[in-house]
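Residue numbers (the numbering used here): 11 to 415.
Just so it is clear, CB atoms sit at the ideal spot from N, CA and C, and this is done for glycine as well.
Each remark here refers to the structure printed beneath this line.
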Amino acid sequence: MINLLLGAPGGGKSYEAVAFHVIPALSEGRRVITNLPLLLDAFPPEWRALLDIRRRTMKPRPVIDEVKAAFMFKRFGTTPGEQSFNANPFANVEDYGREEYDEETDLTRWTDPWRHPVTGEGPLYVIDECHKALPARGTPIAVEEWFAEHRHGRADVLLMTQSHGKMNRAIKELVQLCYRVRKAVHLGFEDRYIRKVLDGVGGTEMNETTRHYDPAFFKYYRSHTQSTTAGREAAAKDIVPIWKHWTFKGAALMFLIFIVIVSTTDMNILKMKTKVADKPRSKPAPIAQSSPAKPPATKVEAPPPAEPLVAESKPDKSHPLLGLGLHISGYLKSASHSMYLFAVSQNGQAVYTLNEDELVRSGYAVRSMNDCIAEVSFEAVKFYVTCDAPRVSVNPGSNMPGKAS
C-alpha cells in the first residue's frame with residue numbers, strides 16, 4: 011500500500027511518521043528503509059538492526075568519459091554536458107532493492123530480498139521530502155514501474171511532502187490513503203496537531219482527530235533536518251485561545267447575568283404558576299309554581315345505542331422484496347424436482363439472483379403456470395412473474411406491488 015503524509019513545515023509530519031508508522035513497524039519486527047533524520051542511538055539494538063537510513067541514492071554517479079570530452083573540445087570547442095543525475099535517496103530504481111529474474115513471468119524486477127520470518131512482508135519505505143526524489147518531471151520510468159508493482163515485493167510505502175503538486179503524477183495516483191497534518195496553533199495549542207484522513211489525494215475526508223505530542227517520541231528523531239539537535243519552534247505569540255478572547259468572556263458573562271435574572275424574577279418559565287380557572291357560581295333554582303294536575307306522561311323507551319362502526323382494515327401490502335423487481339431468469343427441471351431461477355432488479359439492472367427454494371424460505375409461495383410465468387404470493391400480496399429479466403437497461407419491476415414508478 012502507498013500512503014501519503016502531507017503537512018506544512020512544523021505541522022507534525024515527522025512525529026506522525028515516527029510515532030505511528032516507523033516505531034509500530036519496528037515493534038512488529040519489520041525492516042524500515044527511510045531517509046528520516048532518526049537518532050539511531052535512541053533505538054534498542056534489536057530495532058537498530060532493522061533500520062536502514064539512506065542519505066543519498068544507491069546508484070553510482072555516472073563517470074564522465076574524459077577521452078570523449080577532450081575529443082569534443084578539440085573538434086567542436088565544447089564539452090559534453092553533464093548528464094542529469096538525481097542523487098537524492100529513493101530517486102533511482104537501485105534504491106528499492108536489487109534486480110531479480112522471475113522465471114514464472116520471464117520478467118526482471120527490482121525488489122528487496124528481505125522478508126519477515128512470520129508474515130512474509132517486505133520492508134516499509136518511509137520517504138521524507140519525496141518531491142525531491144520523485145519530482146513531477148524527471149522521475150525515471152523504472153521507478154514509476156516499481157511503484158506500480160510494489161506489492162510484488164510485499165513492500166509498503168509512506169511518502170512525505172509539503173505539497174503533492176511537486177511530486178510525480180503517476181505515483182501520486184497510486185496513493186491509497188492521504189494523511190493531512192496541521193499544528194493546532196490557531197486554537198491556541200502548541201502541544202497538539204490535527205490529523206485528517208482522506209480517501210486518496212483530494213478524496214473524501216473519512217475522519218479527523220486531534221493528537222497530543224508525546225515527549226517520549228522526541229528522542230527518536232530530529233524535527234529540523236538542518237540542525238544537529240532537536241529544535242523548538244518559536245511560539246506564535248499573537249495567537250490567543252478562543253476562551254481567552256474578550257468576546258468569549260463577554261458572552262459567558264452575559265449568559266450568567268441572564269441566568270440570574272431569569273431565576274430571580276417572574277420571567278422564570280420554570281416557576282410560572284398556572285392560573286386556576288374560577289369555578290362557575292351555582293345559580294339558585296327557580297321556585298316551582300303550582301299548576302293544575304296533568305295526566306301522567308307515558309314513558310318512552312329510548313332505542314338501544316348503535317354499535318360503533320369498525321373501519322375495515324386494509325390488508326398489509328408489504329413484503330421482503332417491496333420496491334424491487336422480480337423476474338424469471340431460468341427454469342430447471344429434472345425427473346424428481348423442478349424450480350425457477352429468479353433475478354432481482356433495481357433501477358433497471360439485475361442486482362442478484364434467487365432460486366425458488368430461497369424465495370419460499372423467505373415466506374413466498376410460488377405456483378407454476380408454465381416455464382415463463384409463475385404466480386408468487388406473500389400473505390395477502392399476489393403478483394405474476396415472467397421471463398422479463400433485464401439485460402442492459404430496462405424498466406423492470408412493474409409487476410412488483412409497491413414498486414416505485
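#### Entry: Status (buried if at least 16 other CB within 10 Å, exposed otherwise) for Thr275
Counting C-beta atoms within 10 angstroms of its own C-beta, Thr275 has fewer than 16 neighbours from the protein chains shown and is therefore classed as exposed.
### Task
With DSSP as the reference, label Ile269 as helix, strand or coil.
Reduced to three states, the DSSP call for Ile269 is helix.
### Query
Measuring CA to CA, which of Ala360, Ala345, Leu351, Leu14 is closest to Leu334?
Leu334 has its Cα closest to that of Ala360, out of Ala360, Ala345, Leu351, Leu14.
### Task
Quick one: using the 10 Å Cβ neighbour count with 16 as the cut-off for buried, is Gly212 buried or exposed?
Counting other Cβ atoms within 10 Å of its Cβ, Gly212 stays below 16 and is therefore classed as exposed.
### Task
Please check the pair Ile421 and Glu154, which I expect to be a contact at CB under 8 Å, by giving their CB distance rounded to whole angstroms.
The question about residue 421 has no answer, for the chain in this structure spans 11 to 415.
### Message
Alpha carbons only, please: which of Glu366, Leu336, His347, Cys382 is nearest the one belonging to Val354?
### Response
Closest by alpha carbon: Leu336.
### Task
Would you mind stating whether Leu46 and Ala27 have Cβ atoms separated by less than 8 Å?
Yes; because the gap between Cβ atoms is below 8 Å, this pair is in contact.
### Query
Mind checking Ala35: buried by the 16 CB within 10 Å criterion, or exposed?
Ala35 is buried by the Cβ-count criterion.
### Message
Mapping the DSSP letters down to three states, classify Thr220 as helix, strand or coil.
### Response
DSSP places Thr220 in strand when its eight states are reduced to three.
### Task
May I ask you to report which of helix, strand or coil DSSP gives Gly335?
Strand, per DSSP.
### Query
Can you tell which of Thr219, Trp57, Ile338 has the C-alpha that lies nearest to the C-alpha of Leu364?
Of the candidates Thr219, Trp57, Ile338, the one whose C-alpha sits nearest the C-alpha of Leu364 is Ile338.
### Query
Taking the alpha carbon of Leu332 as the point to measure from, which residue in Ser346, Tyr374, Arg85 has its own alpha carbon closest?
Put simply, of Ser346, Tyr374, Arg85 the residue whose alpha carbon is nearest the alpha carbon of Leu332 is Tyr374.
### Task
Kindly indicate the opening and closing residues of the alpha helix (DSSP H) around Tyr25.
Residues 23-27.
### Query
Which partner residues of Cys188 appear in the DSSP bridge assignment?
According to DSSP, Cys188 shares a beta bridge with Leu14, Leu208.
### Message
Distance check for Ile74 and Ala143, CA to CA, integer angstroms please.
### Response
Taking the straight line from one Cα to the other gives about 23 Å.
### Query
Which one of Val128, Pro133, Thr115 has the shortest CA to CA distance from Asp122?
It is Pro133.
### Message
Rounded to whole angstroms, what is the Cα-Cα separation between Asp201 and Tyr223?
### Response
Going by the C-alpha atoms only, they are around 6 Å apart.
### Task
For Asp37, name the three-state secondary structure that DSSP assigns.
It should be pointed out that residue 37 corresponds to Ser in this sequence rather than to Asp. Reduced to three states, the DSSP call for Ser37 is helix.
### Backbone CA spacing between Asn217 and His196 [nearest angstrom]
Spanning the two alpha carbons is a distance of roughly 20 Å.
### Query
Is the Cβ-Cβ distance between Arg125 and Arg164 less than 8 Å?
Yes, they are a contact pair.
#### Entry: Reduced DSSP secondary structure (H/G/I, E/B, other) of Gly340
Three-state DSSP puts Gly340 in a strand.
### Query
From this set, Ser372, Val32, Arg190, Val103, which residue's C-alpha is nearest Met68's C-alpha?
Nearest C-alpha to Met68: Val103.
### Message
Here's the rule: buried if 16 or more other CB atoms are within 10 angstroms of the residue's CB, otherwise exposed. What is Lys23?
### Response
So Lys23 ends up on the buried side.
### Query
Are Ala146 and Arg190 closer than 8 Å when you measure CB to CB?
No; because the gap between Cβ atoms is not below 8 Å, this pair is not in contact.
### Query
If you draw a straight line from the C-alpha of Lys229 to the C-alpha of Phe53, how long is it?
C-alpha separation (whole angstroms): 9 Å.
### Query
When we look at the beta-carbon of Tyr203 and count the other beta-carbons within 10 Å, is it buried (16 or more) or exposed?
So Tyr203 ends up on the buried side.
### C-alpha gap between Glu215 and Pro400, whole angstroms
Cα to Cα, the separation comes out at about 36 Å.
#### Entry: Beta-bridge partners of Thr396, as assigned by DSSP
Answer is Ile383, bridged to Thr396.
### Query
Where does Lys193 fall in DSSP's three states?
In the structure shown, Lys193 sits in a strand (DSSP, three-state: E or B).
### Neighbour flag for Leu342 against chain C, beta carbons, 8 Å
Absent from the structure: chain C. Only one protein chain is present.
### Query
Which partner residues of Glu76 appear in the DSSP bridge assignment?
According to DSSP, Glu76 bridges with nothing at all.
### Task
Indicate whether Cys140 and Leu169 have their beta-carbon atoms separated by less than 8 Å.
With a cutoff of 8 Å on beta-carbon distance, Cys140 and Leu169 are scored as near each other.
### Message
Quick check: the Cα distance between Ala79 and Phe95, rounded to an integer number of angstroms?
### Response
So the two alpha carbons sit approximately 18 Å from each other.
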